[in-house]
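**Q**
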Amino acid sequence: MALMNAEAINSGTIDYLLSEPAAAELAGLRTRDLSEGQTLALLHELRTRVTGEEAGALLALARLRQRAAVKFPAADSLFFTAEALEQATAAPIAAHHAAWLDRHAPPGPLLELGCGIGGDTLALAVRRPVIAYETDPVRLQLARANAAARGLSDRVTFVLEDWTAALDNGTLPDAAGAFADPARRVNGRRVFRLGAMQPPISALLRLQRRVPLLGVKVMPGVEDDDVPPACGVEFIGHERACKEAVLWFGAAAVRPRWASIHEGNIWFTYAADRVGPPVGPLAPGMTLYEPHPALIRAGALRDLADELRAHLFDDQIAYLAARERQKHPLAQSFVIDYVEPFSLKVLNRLLVREEIGQIELKKRGFPTEPESLRKRLKLTPGGRDATVFFTRRGDERLMLVGRRL
0 MALMNAEAIN SGTIDYLLSE PAAAELAGLR TRDLSEGQTL ALLHELRTRV
50 TGEEAGALLA LARLRQRAAV KFPAADSLFF TAEALEQATA APIAAHHAAW
100 LDRHAPPGPL LELGCGIGGD TLALAVRRPV IAYETDPVRL QLARANAAAR
150 GLSDRVTFVL EDWTAALDNG TLPDAAGAFA DPARRVNGRR VFRLGAMQPP
200 ISALLRLQRR VPLLGVKVMP GVEDDDVPPA CGVEFIGHER ACKEAVLWFG
250 AAAVRPRWAS IHEGNIWFTY AADRVGPPVG PLAPGMTLYE PHPALIRAGA
300 LRDLADELRA HLFDDQIAYL AARERQKHPL AQSFVIDYVE PFSLKVLNRL
350 LVREEIGQIE LKKRGFPTEP ESLRKRLKLT PGGRDATVFF TRRGDERLML
400 VGRRL
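In terms of numbering that gives the first Met the number 0, the sequence shown opens at residue 0 and continues consecutively.
#1: Indicate the three-state DSSP secondary structure (helix, strand or coil) for G176 in the structure shown.
#2: Just to confirm my understanding: we take N145, look at its own chain, exclude 5 residues before and 5 after, and list those with CB closer than 7 Å. What are they?
#3: Pick helix, strand or coil for D119, following the three-state DSSP scheme.
#4: In the DSSP assignment, find the unbroken alpha helix (DSSP H) run with H95 in it and report its ends.
#5: Kindly indicate the opening and closing residues of the alpha helix (DSSP H) around A40.
#6: If you scan the region 264-349 from start to end, which runs of the beta strand (DSSP E) of 3 or more residues do you find wholly inside it?
#7: I'd like to know if the region 265-281 and the region 300-318 are in contact, where contact means that at least 3 CB-CB pairs between them fall below 8 Å.
#8: Please report the straight-line C-alpha distance between L17 and L123, rounded to a whole angstrom.
#9: Entirely within the region 168-244 and at least 3 residues each: give me those beta strand (DSSP E) ranges in chain order.
#10: On the premise that R154 lies in contact with V129, defined as a C-beta separation below 8 Å, what is that separation, rounded to the nearest angstrom?
#11: Considering just the uninterrupted stretch of the alpha helix (DSSP H) at L25, what are its terminal residues?
#12: From this set, D302, Q37 and V125, which residue's C-alpha is nearest Y269's C-alpha?
#13: Beta-carbon separation of T390 and Y318 under 8 Å?
#14: Exposed or buried, what is D180 when buried is set at 16 or more other beta-carbons lying within 10 Å of its beta-carbon?
#15: Using the three-state DSSP reduction, which class does G393 fall into: helix, strand or coil?
#16: Pull up the distance between the alpha-carbon of F365 and that of R184, whole angstroms please.
#17: Under DSSP, the alpha helix (DSSP H) around I13 begins and ends at which residues?
#18: Rounded to the nearest angstrom, what separates F422 and D14 at their Cα positions?
#19: Got a sec, what are the start and stop residues for the beta strand (DSSP E) A256 sits in?
#20: Name the DSSP bridge partner or partners of L109?
#21: Three or more C-beta pairs closer than 8 Å, one from the region 41-49 and one from the region 87-98: is that the case here?
#22: Nearest to F248 by alpha carbon, out of R126, V210, V158 and D135?
#23: Our contact map puts G382 next to G356 with C-beta atoms below 8 Å; I'd like the distance itself, whole angstroms only.
#24: Can you tell me the Cα-Cα spacing of S259 and G220, whole angstroms?
#25: Using the C-alpha atoms, what's the distance from L307 back to R363?
#26: Would you call the region 331-340 and the region 282-299 touching, i.e. three or more CB-CB distances under 8 Å?
#27: Tell me whether G55 sits in a helix, a strand or coil according to DSSP, three-state version.
#28: Would you check if there are 3 or more beta carbon pairs closer than 8 Å linking the region 240-247 to the region 203-217?
#29: Can you tell me where the beta strand (DSSP E) with L159 in it begins and where it stops?
Right, dumping it as structure tokens:
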């Protein structure tokens, strides 16, 4: 339905969405069933009181607020577009960025460069005055509204301008530090190199000469050879995923590489290994640990291995094995029942014998996508659960059959 696309919230509907009548309509929608099956009925009802365009915008925003609840505790009072919500920094991560900048910056305001709808802006403004730049007028208007909704309007100065132009013409304000969120999608396509971001890394390095304390949010898969010298790289984990990397410059670059992971309302920090975990055996009956992806990206497995009294079974494969079994918030744990050279025939024989009905497939260091094998597996309807790891040790391809603990 045309009214429910990403453009339902646009320059033509924002003023209405920010009005008191719209606030009353949105409050009424909080307790309604907003599922797709109710779209026509809800729009018909709303159109008895507002225009069709306004009805579409109301329903779009109400649904976005429901989706945003996993990122923002106060989502019911905030304003989004679909694309901007997808790109926005989740509140716990934004608070982490802000705390890190505040801890290491000298006194003074902070710059937020590419503020979007204000995810990082709000967190920074809790700690310091903020000057926030954005080139998209719709997003800037939403960010301003979000600051007002959180009682932070007097803490943020919003600027509708390309900050790189302000840097080049000498009008960029002085600041104690800066946080930049360059676009990692260009013309709708994801980019994978720092030089392809908008603005590119070259502009950020020019900025860093002006504002030495700088954080730059980049893609979690940033290549090591793409990282500029003299910065630290932090890999940030949240909800069991590596969500992003941040390049920290100046006093904020406290180490070359590390992982910070938010799990259970606690932040865990692990420095990258100077010496990796030891390599040891892998055998049936042992426990296999799958470390958090942010630890893997950071190369920060040694301390975790020590805590688990575990080892690698191959120095290039980021699984840990141990004879003891224990739980850890930053590792998923499995008991391994079988360790076999890869053979689909042998695997199916095991699956039938053990009456496996539901199977989870994982891989690391294995050339074939496991899901491409799923249709060839012989499963028992109503059978028990199992996990199969396709991996390798040296040049030998292995399959490990086990169970989650």
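C-beta: ideal position from N, C-alpha, C; glycine also.
**A** According to the data block:
#1: When DSSP states are grouped into helix, strand and coil, G176 belongs to the strand group.
#2: These residues qualify, in order along the chain: L77, F78, I116, G117 and L121.
#3: Here DSSP, grouped into helix, strand and coil, assigns D119 to helix.
#4: In this chain, the alpha helix (DSSP H) harbouring H95 covers A90 to H103.
#5: Boundaries of the alpha helix (DSSP H) around A40: T38 to L45.
#6: Taken in chain order, the complete beta strand (DSSP E) segments of 3 or more residues contained in the region 264-349 are 265-270, 286-290, 319-321 and 330-340.
#7: Output reads yes: the region 300-318 touches the region 265-281.
#8: Cα to Cα, L17 sits roughly 23 Å from L123.
#9: If we require 3 residues or more, the beta strand (DSSP E) runs fully inside the region 168-244 come out as 176-179, 213-217 and 230-237.
#10: 6 Å between Cβ atoms; contact.
#11: First-last of the alpha helix (DSSP H) with L25: E19 to L28.
#12: Looking at the Cα atoms, D302 is the closest of the given residues.
#13: The answer is yes: Cβ separation under 8 Å.
#14: Burial call: buried.
#15: Coil at G393, not helix or strand.
#16: Rounded to whole angstroms, the separation of the alpha carbons of R184 and F365 is 29 Å.
#17: Residues I13 to L16.
#18: Because the chain in this structure spans residues 0 to 404, residue 422 falls outside the shown range and cannot be described.
#19: Reading off the sequence, residue 256 comes out as Arg, not Ala. Per DSSP, R256 is one residue of the beta strand (DSSP E) stretching across R256 to E262.
#20: BP columns for L109 point to V129 and G176.
#21: At 8 Å Cβ cutoff, the stretches do not touch.
#22: Closest by alpha carbon: V210.
#23: Going by Cβ atoms, the distance from G382 to G356 rounds to 3 Å, so yes, they are a contact pair.
#24: When only Cα atoms are considered, S259 and G220 end up about 15 Å apart.
#25: Near 20 Å, if we compare the C-alpha coordinates of L307 and R363.
#26: Result yes; three or more Cβ-Cβ pairs closer than 8 Å.
#27: Helix.
#28: Yes, the region 240-247 touches the region 203-217.
#29: In the DSSP assignment, L159 falls within the unbroken beta strand (DSSP E) covering V155 to L159.
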